[in-house]
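Okay, structure first, notes after.
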Amino acid sequence: MSGAPPAPPVTGPGVLRGGLVAPDVPRGGPAGRRLVVASLARAKVEVLQFFRSRDAVGFTLALPVVMLVLLASIFTEHVQGTPVKFSQVYTTGLLAGGVASTCFLNLAVAVAGERENGTLKRLAGTPMPRTAYFVGKALMVLTTCALETAILLVFGHFAYGVAFPATAWRWFTFLWVTVLGATSMALVGLAFSSLPRTARSAAPVANLPLLVLEFVSGVFVPFTSLSKTLYGVAGIFPLRWIAQGYRSALLPQYFVKVEPTGGWDHLQTALVLAGWCAVGLAVAARTFRWTGRGER
Amino acid sequence: MAKELVVQARGVRKAYGGTVAVDELDLEMSRGEVLALLGPNGAGKTTTVEIFEGYRRRDKGEVSVLGEDPERAGWAWRARRGIVLQDNQDVVDLTVAECVSHFARFYPAPARPADVIEQVGLAAKADAYVRSLSGGQRRRLDVALGIVGRPELVFLDEPTTGFDPEARRQFWDVVRDLTAEGTSVLLTTHYLEEAEALADRVAVVNRGRVVASGRPAELGGRQDAAAEVSWFGPDGWQRRSTDRPTALVRELEAAFGGEVPRLTVSRPSLEDVYLRLIGQSGDVGAEGALR
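Chains as they are written, first to last, in the working numbering: chain F, 793 to 1088; chain C, 6 to 296.
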């Protein structure tokens, strides 16, 4: 299934490396068309299946909202010396946490499940270009992530007076942080999906590192109350930067003073997130398995 | 005239760690043929088929399926063969029609999804969710997904395991329709009556190699084997093994002066031959010895 015969260098969209892509990614015109047709077919089925598991949809989308209600009811005061309510600060953290759970957790668990129930094996047996599976997943995850982010922001706005990004520039920041954050989290989730031994263990295996990351990245606890070391370690991972990106889009400019560097660090955020995209992709490309671990 | 071969395997070997699953396996299959791989659990049937399907790499040996090496073949080759998997639990949140249409999108010249659904006898269930199907219906959907690309060669891996007899017979009809259209079918099974009902040729696999192959009626020299004649005589049950049962029956008729009480003439069943083959495969040696 792998090991293409010697052929001219492959060009075109979706040509990556290793196991993520069929060695036979088609060349030339009809090939690109095949990839587009198959990717759109996958995306349609992915979105359809996601929205048909209504309990999963409901709870996925409700989780950040419920967290905001809880946190806003516990911390009702304003941030010291400012007119900004804590709910505004928590919204930025919960947006980041939402991206992590809809992208990382969702994919790590769903792909492990599809490996076990035979979805991946069946697809690998068809002429579908393998890239199409990943494109389909990406489109599904971006759809749910956009929905979840919008619901949290709109709910926060009307329930707690959470302010929308104040300028077009800040909306732009909000957008690229969401897209880059979601992509990096999704790719890491894809790579992570090969780690759990079974589909049943996928959720707990993925949850623990995520929860730790959420705490040290300032999702549930304001980052200012974390030790410098802890927050520094969190800087290795993408989540802290996504949270910082949302702060830069949603909090008044003077909040920048409490950031460790005294700046919003947009360049560094973009670099770290892009770096994690590359790491996730490289690991997934080398380790992605189309059949279950127990099969021989 | 030599028939075109859709599967040709020579000296195929596959080991997992220290366990040899397939060991110097030779096999040939002609276009249009229904070949059943018969063997006990763990004999290497599934590994063999997965090597042919392209799911698994072999350690050594030569394999050609539809003229290409499955390890190197590309998407066009993948479109020419169809795979019916053993126990998938996927696509449960789609309807039968959605599911078949979805998989049709991956093939260059698929059949009409509605026709395929009709062909496997699921027309009444086209709009039902896959999760609501019974085990037998689910397997027919698996067949529909395996043939929607109009393959030349279909792999059916233990398709009726766990079926009740009625569901099994209905499933056989689906396979017969398929083969009537000229599709080649490689079937693995451990049900002897399934092999006898469907297969043009049977290959018995034991300990990773083909120990015998031939038409079901002739496997292991069944057609020439000694017949067993039994009857109820004055001294009770009599039983005799003979190469010339007709002559013996004639003698008995003369001796009894007419009808022979409780007369039966039988030859070894496929099951007898099969059990002999897998019991003593070490002595049976290479394929051909038993043809």
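Using N, Cα and C, we set each Cβ at its ideal position, and we do this for glycine too.
Asked, Found
"Does chain C have any CB closer than 8 Å to the CB of GLU838(F)?", "no"
"On the three-pair Cβ rule with 8 Å, is the stretch 873-890 of chain F touching the stretch 1023-1041 of chain F?", "yes"
"Hey, is THR935(F)'s beta-carbon within less than 8 Å of any beta-carbon in chain C?", "no"
"THR911(F) touches chain C at which residues, Cβ-Cβ below 8 Å?", "ASN93, ASP95, VAL96"
"Step through the CB atoms of chain C and report whether any lies within less than 8 Å of the CB of ALA830(F).", "yes"
"Look at the alpha carbon of ARG85(C) and the alpha carbon of GLY151(C), and state the distance between them as a whole number of angstroms.", "11 Å"
"Of all Cβ atoms in chain F, is any one closer than 8 Å to the Cβ of LEU183(C)?", "no"
"When you compare the CB of LEU99(C) with every CB in chain F, is at least one pair closer than 8 Å?", "yes"
"Taking only beta-carbon atoms, is ARG914(F) less than 8 Å away from chain C?", "yes"
"Using a cut-off of 8 Å between C-beta atoms, extract the partners of ARG144(C) located in chain F.", "The premise fails here: ARG144(C) is roughly 13 Å from chain F at the closest Cβ pair, so nothing lies under 8 Å."
"What are the boundary residues of the beta strand (DSSP E) that includes PHE237(C)?", "232-238"
"Could you tell me whether any Cβ in chain C is nearer than 8 Å to the Cβ of PRO919(F)?", "yes"
"Is the Cβ-Cβ distance between TRP52(C) and LYS8(C) less than 8 Å?", "In the sequence as presented, Trp is not what sits at residue 52(C); that position holds Thr. No, the pair does not count as a contact, with Cβ atoms beyond the cut-off."
"Does any residue of chain C have a CB that is nearer than 8 Å to the CB of SER845(F)?", "yes"
"Which residues of chain C have a Cβ atom closer than 8 Å to the Cβ of GLU906(F), listed in chain order?", "ASP95"
"Taking three-plus beta-carbon pairs below 8 Å as touching, is the stretch 74-82 of chain C in contact with the stretch 115-135 of chain C?", "no"
"If you count every other CB in all the chains shown that lies within 10 Å of the CB of GLY49(C), and 16 or more means buried, which is it?", "buried"
"Any idea what DSSP makes of GLY1037(F), helix, strand or coil?", "helix"
"Would you verify that the beta carbon of ALA80(C) is, or is not, closer than 8 Å to some beta carbon of chain F?", "It is Trp, not Ala, that sits at residue 80(C) in the sequence shown. So yes, TRP80(C) belongs to the interface."
"Could you check where the alpha helix (DSSP H) with LEU150(C) kicks off and where it finishes?", "140-152"
"Could you tell me the boundaries of the beta strand (DSSP E) in which LEU40(C) lies?", "39-43"
"Show which residues of chain C have a CB atom less than 7 Å away from the CB atom of ALA833(F).", "HIS107, ARG110"
"Can you list the residues of chain C that GLN841(F) reaches, using a CB-CB cut of under 9 Å?", "VAL96, VAL97, ASP98, LEU99"
"Scan the stretch 148-173 of chain C for residues whose Cβ lies nearer than 8 Å to a Cβ of chain F and list them as they occur along the chain.", "LEU150, GLY154"
"For GLN880(F), which option in PHE896(F), LEU863(F), CYS895(F) has the closest C-alpha, if you only look at C-alpha atoms?", "LEU863(F)"
"Does the stretch 905-914 of chain F come into contact with the stretch 1075-1084 of chain F, if we say contact requires no fewer than three beta-carbon pairs (one atom in each stretch) closer than 8 Å?", "yes"
"What in chain F is Cβ-close to ALA84(C), meaning under 9 Å?", "THR918, PRO919"
"Measure the CB-CB distance between THR936(F) and THR852(F) and report whether it falls below 8 Å.", "yes"
"Roughly how far, in whole angstroms, is the beta-carbon of ARG220(C) from the beta-carbon of ARG206(C), given that I think they are within contact range, below 8 Å?", "6 Å"
"Terminal residues of the continuous beta strand (DSSP E) containing SER246(C)?", "241-247"
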